[in-house]
Ligand SMILES: [Zn+2]
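Numbering (this note's numbering), first residue to last: 50 to 316.
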């Protein structure tokens with residue numbers, strides 16, 4: 050079975066991991082086609098913080114919620130700040146940030162929950178979405194891992210929080226690394242390398258003090274370090290910058306673009 054596939058519903062494409070779906074975790078990674086945003090005409094921008102018409106963004110979100118079978122009023126979002134704070138959410142947080150920015154969880158880049166039917170929804174344009182699914186307890190996690198989150202070990206923080214809150218054992222966690230910028234398109238300089246202690250192998254030198262950074266491998270290494278078995282780490286290996294016809298890419302579009310959503314919940 051291929052790690053990563055697409056399904057088309059209501060005129061939109063949603064990427065997913067068939068193995069994760071078979072385990073009963075409803076999840077998806079949106080693409081850019083089939084929405085009604087103004088920010089990039091006709092696109093499925095899912096984020097409220099990028100200067101798009103909020104009503105159109107909410108309609109895009111409604112369309113995705115209908116395609117995936119959840120109620121938008123249950124979804125929980127957070128104001129991603131490229132940090133490494135992960136928050137525990139429950140039914141009390143249902144709907145926060147789903148229809149307007151003001152109620153989103155502040156200063157947070159990852160969410161975990163063991164509440165069923167509580168979709169976690171984060172936004173991306175090149176940064177790495179990592180899903181965590183505990184097949185034992187049914188708890189789920191979702192983090193936003195750009196380079197800052199990755200060098201801040203946000204996936205390990207997410208797993209540690211699931212262990213503490215829900216007794217999740219890493220050997221029962223399946224992790225999924227979604228579409229995001231590949232090493233092919235992601236050049237960074239020495240300042241990033243200097244903050245990535247122990248993860249230097251993910252940097253491939255290009256020219257003086259510059260490196261291609263493999264964020265997929267960096268997050269895979271952190272998942273392994275946290276105790277997630279190698280064969281339970283699913284990887285899309287799809288570069289959002291190479292494929293910016295299908296995905297929003299912050300780098301390829303020089304910062305002027307929308308955001309995809311990654312969404313996961315347990316039925
Ligand atoms: Zn690429």
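Yeah, the Cβ is synthetic: ideal placement off N, Cα and C, and Gly gets one too.
I'd like to confirm something about residue i: is its beta-carbon nearer than 7 Å to some heavy atom of ligand 1, or not?
i	result
residue 290	yes
residue 233	yes
What residue from the options has the CA that sits closest to residue i's CA?
i	options	result
residue 221	249, 189, 121	189
residue 120	165, 87, 129, 173	165
residue 288	300, 280, 95, 314	300
residue 131	99, 157, 56	157
residue 59	69, 149, 117	117
residue 163	181, 293, 203, 97	181
residue 82	91, 251, 262	91
residue 235	265, 98, 212	265
residue 57	77, 73, 51	77
residue 357	302, 277, 168, 242	The structure shown does not extend to residue 357, since the chain is modelled only from 50 to 316, so the question has no answer here.
Put residue i into one of helix, strand or coil per three-state DSSP.
i	result
residue 316	coil
residue 76	strand
residue 288	strand
residue 261	strand
residue 177	strand
residue 230	coil
What are the start and end residues of the beta strand (DSSP E) that includes residue i?
i	result
residue 57	54 to 58
residue 82	82 to 86
residue 67	Not the beta strand (DSSP E): residue 67 falls in the alpha helix (DSSP H), residues 67 to 71.
residue 135	135 to 137
How would you write the range of the alpha helix (DSSP H) that residue i sits in, first residue to last?
i	result
residue 189	Counting along the chain, residue 189 falls outside any alpha helix (DSSP H), though it belongs to the beta strand (DSSP E) covering 189 to 194.
residue 154	Unbroken run through residue 154: none, as it is neither H nor E.
residue 113	103 to 117
Bridge partners for residue i per DSSP, in chain order?
i	result
residue 169	125, 313
residue 302	Paired residues: none, contrary to the question.
residue 215	DSSP output for residue 215 lists no bridge partner at all.
residue 62	57
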